[in-house]
Amino acid sequence: MEHFDTIVVGAGVAGLSAAKLLADAGRRVVVLEARDRVGGRVVTDRTGGVATDLGASWIHGVTDSPVAAAAKAFGMRTVEFTVGGYQPDSRPIAYYGPDGTRLTDAAAQGFIDDIGAVDAALADVVAASGPGDSYRDVTDRALALQGWDAAREQRVREYLEHRSEEQYGAWIADLAAHGLDDDSIDGDEVVFPDGYDQLPVRLADRLDVRLEHVVTRVDWSEGMVTITTDRGVFTADTAVVTVPVGVLQSEDFAFEPALPDPIADALGRLRMNAFEKVFLRFPTKFWDDDVYAIRQQGPESAWWHSWYDLTPLHGVPTLLTFAAGPAAVATRDRPKEDVVDSVLAQLRRLYGDRVEQPTRVDITAWQDDPFSHGSYAYMTVGSTTADHDALATPIGGILHLAGEATWTDDPATVPAAMFSGHRAACAVLGAHMPIERLWAAG
442 MEHFDTIVVG AGVAGLSAAK LLADAGRRVV VLEARDRVGG RVVTDRTGGV ATDLGASWIH
502 GVTDSPVAAA AKAFGMRTVE FTVGGYQPDS RPIAYYGPDG TRLTDAAAQG FIDDIGAVDA
562 ALADVVAASG PGDSYRDVTD RALALQGWDA AREQRVREYL EHRSEEQYGA WIADLAAHGL
622 DDDSIDGDEV VFPDGYDQLP VRLADRLDVR LEHVVTRVDW SEGMVTITTD RGVFTADTAV
682 VTVPVGVLQS EDFAFEPALP DPIADALGRL RMNAFEKVFL RFPTKFWDDD VYAIRQQGPE
742 SAWWHSWYDL TPLHGVPTLL TFAAGPAAVA TRDRPKEDVV DSVLAQLRRL YGDRVEQPTR
802 VDITAWQDDP FSHGSYAYMT VGSTTADHDA LATPIGGILH LAGEATWTDD PATVPAAMFS
862 GHRAACAVLG AHMPIERLWA AG
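To get the numbering used here, take the position in the sequence shown, counting from 1, and add 441.
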């Protein structure tokens, strides 16, 4: 049985950040990781020599982002690709109406203006909402204030449903009223043509990372922490647990004693989402050159409503769409061919026979991943933004939780994971360490 100053459970960005800072401070640290690689939900596939980020893809706003600073220090190549969250007009978007015909510029602008009017009203409605209100409740109230006819209202209602799904992988009625409070972007957004996984690989450099060590139990009694894995038992004076919410809630991962309040209460109000990526590579580019995204309206948009042009990343004609919320649940057990046919049927509504069969398709399966049980966490009805920070409450002076779900300002992001790892390391040390030390050595 090995003993360490600190055990970090999970080699995602949160865990590696905490471990790197603690090791830099002279602590004897080990990182226990269930997977056969570092990175957690940051994973890059390089089949065919093209980097495809199957997990995290973007830095959503490079301004004051520690991830952007680390990427620059590590020499990670970036390409500007500003999505602006699920915004209606952050970049050129080709909108198609319910009949499959592209909207005129005037009609598209009218739709964009309608979304802006609802969002302006929504801020006050959300602020006045109660703890039992869903995002559906508050958006319906904001819509009712507009006095529009049924068709006009329905177009914006669909957009709000899709925003909930694409931002948090949740049906609008399941998301808390405050579930999109963090929906803001500071600065350009960028992606990584050479793969996001360079970040965790660099953070893991020179750390003691034990791969394929599946943790099943964390005992934090008796003034120390005992970690049970499928490859033995480890002990430490302190521990930082960075596994996703889905693992914390699973029967395969136990705390002894059980997590106390307010941590247990907050954890019970969060859920892992259903959010999968569908990458389609084509022989030729059949969509317009002057747009970065394609969106369709109407009943046909229930599952497939938005496609993003990733061609500039590698010069290969590529569209990315998302199976999010109900679509991800409904397609979870479907054969890959059926999912592809469903996506192509919608594209052919817009582009007809120009749509060829894709040369390659990648579909993620985070819902079935035993080490995450989903892509990231969202706030269920009854949750508040404070629940994120509550998860990070130190336990017994020896145990700390970290990860994207424990950071209030911008959860569900890699910066949130990095910030949370930094916070946990500082809590273990009982002193502040500059987060810049994560990348200061290059």
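All C-beta atoms, glycine included, are put in the ideal place defined by N, C-alpha and C.
How is residue i classed by DSSP in three states: helix, strand or coil?
i	result
Trp419	Missing from the structure shown is residue 419; the chain here goes from 442 to 883 and no further.
Leu829	As written in the sequence, residue 829 is His, which differs from the Leu given in the question. Of the three classes helix, strand and coil, the one that applies to His829 here is helix, per DSSP.
Glu653	coil
Arg518	coil
Ile704	helix
Arg712	strand
His863	helix
Lys726	coil
Ala535	strand
His873	coil
Thr800	coil
Phe633	coil
Ser575	strand
Ala614	coil
Ile553	helix
Arg582	helix
Gly628	coil
Thr849	coil
Ala564	helix
Ala786	helix
Val684	coil
Gln639	helix
Val732	coil
Gln528	coil
Ala881	coil
Report the option in the options whose CA atom is closest to the CA atom of residue i.
i	options	result
Ala827	Ile704, Leu616, Asp530 and Asp486	Ile704
Glu392	Asp803, Asp809, Ile804 and Val784	This structure gives no information on residue 392, because the portion of the chain shown stretches from 442 to 883.
Val449	Val666, Ala497, Ala611 and Gly571	Val666
Val566	Gln550, Ile553, Asp555 and Ala585	Ala585
Gly862	His444, Leu463 and Met442	Leu463
Asp546	Asp540, Asp530 and Ala475	Asp530
Leu689	Leu751, Val631, Ala569 and Gly451	Gly451
Ala475	Asp486, Asp729, Tyr527 and Gly453	Gly453
Thr849	Thr825, Gly871, His841 and Ser575	Thr825
Pro701	Gly837, Leu761, Gly664 and Asp649	Gly837
Gly610	Gln808, Ala868 and Ala866	Gln808
Ala743	Arg478, Glu607, Asp729 and Gly551	Glu607
Leu754	Asp540, Phe633 and Thr762	Phe633
Gln812	Phe445, His444 and Leu473	The amino acid occupying residue 812 in the given sequence is Phe; Gln does not appear at that position. Nearest of Phe445, His444 and Leu473 to Phe812, Cα basis: Leu473.
Trp612	Ala569, Thr580 and Thr523	Thr580
His501	Pro835, Gln528, Val479 and Ala866	Gln528
Val732	Trp745, Glu741, Thr725 and Asp750	Asp750
Can residue i and residue j be called in contact, C-beta distance under 9 angstroms?
i	j	result
Thr412	Thr447	Coverage of the chain is limited to positions 442 through 883, which leaves residue 412 absent and any answer about it impossible.
Ile534	Ala806	no
Gly823	Ala617	yes
Val684	Gly538	no
Pro497	Val483	What sits at residue 497 in the sequence shown is Ala, not Pro. Taking 9 angstroms as the Cβ cut-off, Ala497 and Val483 qualify as a contacting pair.
Arg722	Pro776	no
Ala455	Trp880	no
Phe727	Thr759	no
Asp803	Leu495	yes
Ser747	Glu697	no
Gly620	Met442	no
Val471	Arg651	yes
Val659	Val686	no
Ala514	Asp635	no
Val508	Met859	yes
Asp622	Ser575	no
Val555	Trp499	At residue 555 the sequence reads Asp, which differs from the Val that was named. No; because the gap between Cβ atoms is not below 9 angstroms, this pair is not in contact.
His628	Leu791	Looking at the sequence itself, residue 628 is Gly, so the reference to His does not match. In this structure, Leu791 does not lie closer than 9 angstroms to Gly628 by Cβ.
Can you determine whether any heavy atom of the ligand NAP sits closer than 8 angstroms to the C-beta of residue i, and answer yes or no?
i	result
Pro856	With respect to the ligand NAP, the structure offers nothing, as it holds no ligand at all.
**Asked** Do the segment 706–716 and the segment 824–831 make contact, defined as three or more Cβ pairs closer than 8 angstroms?
**Response** yes
**Asked** Can at least three beta-carbon pairs, one atom from the segment 457–474 and one from the segment 587–596, be found at a separation below 8 angstroms?
**Response** no
**Prompt:** Pairing CB atoms from the segment 762–776 with CB atoms from the segment 711–720, are three or more of them under 8 angstroms?
**Reply:** yes
**Prompt:** Touch check for the segment 810–821 and the segment 836–854: three-plus C-beta pairs under 8 angstroms?
**Reply:** yes
**Prompt:** What residue ranges within the segment 739–780 form continuous alpha helix (DSSP H) runs of no fewer than 4 residues, ordered along the chain?
**Reply:** 752–755 and 767–772
**Prompt:** For the segment 772–782 against the segment 555–564, are there 3 or more C-beta pairs whose distance is under 8 angstroms?
**Reply:** no
**Cβ pair count under 8 angstroms reaching 3, the segment 732–748 against the segment 786–793** = yes
**Item:** Cβ pair count under 8 angstroms reaching 3, the segment 517–524 against the segment 861–879
**Value:** no
**Asked** Are the segment 652–660 and the segment 689–697 in contact at 8 angstroms, needing three or more beta carbon pairs?
**Response** yes
**Asked** Hey, is the segment 637–647 in contact with the segment 596–616, meaning 3+ C-beta pairs nearer than 8 angstroms?
**Response** no
**Every unbroken alpha helix (DSSP H) within the segment 452–515, with a cutoff of 4 residues, ordered by chain** = 454–465 and 507–514
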